[in-house]
Amino acid sequence: MKIQELADLMGLTPHTIRFYEKEGLLDSRHIQREKNNYRNYSDEAIERLRLIKKFQGIGCSLAELKTILQDHDTNTRTNQEVIEWILQKINEIERKKEEYDHMLVTLNWMLTYRKLLNDDPQRAEAMMAELRVRMNF
1 MKIQELADLM GLTPHTIRFY EKEGLLDSRH IQREKNNYRN YSDEAIERLR
51 LIKKFQGIGC SLAELKTILQ DHDTNTRTNQ EVIEWILQKI NEIERKKEEY
101 DHMLVTLNWM LTYRKLLNDD PQRAEAMMAE LRVRMNF
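Going by full-length UniProt numbering, the letters in the sequence shown line up with residues 1 to 137, in that order.
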């Protein structure tokens, strides 16, 4: 199939697919060049792109993707090494979740404060005073 067909099927852009090829995530198993130099993508390309999207969905960077796909292709990691990587990824996501939870608390406080400025400025000022006490300002 041609690049636009693959892009439409996978919900990607042709630019993204070319980028993956340039970065080595797709190779000759996935892409054949025709005599006119057009790319022709195999069914393996579909499976490869699904795998890429799956790992991107759990927050893998490009560098991680390269390593994961290389390990997948060569089967070089032991099961224990894969388990350790998964545990590290879980810990990373839990740390990020804590950061996001903190950001949400802050944003919700800011929203409440701003709404109170409109509706009840005295309560808004009391809220700000309480924050200053807690923060030792």
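By construction, the Cβ of each residue, glycine as well, lies at the ideal position given by its N, Cα and C atoms.
Counting only runs of at least 3 residues, the UniProt domain "HTH merR-type" (1-71) fully encloses the following beta strand (DSSP E) elements, listed from N- to C-terminal order: 31-33, 39-41.
For the pair Ala124 and Leu116, the CB atoms are nearer than the 7 angstroms cut-off. Close CB contacts of Glu44 within its chain, under the 7 angstroms cut and outside five residues either way in sequence, are with Arg29, His30 (chain order). Close CB contacts of Tyr100 within its chain, under the 6 angstroms cut and outside five residues either way in sequence, are absent. Less than 7 angstroms separates the beta-carbon of Arg39 from that of Ile3. Taking the Cα positions, Lys97 is about 10 angstroms away from Met103.
Put simply, of Asp8, Asn75, Thr16, Gly59 the residue whose alpha carbon is nearest the alpha carbon of Asn91 is Gly59.
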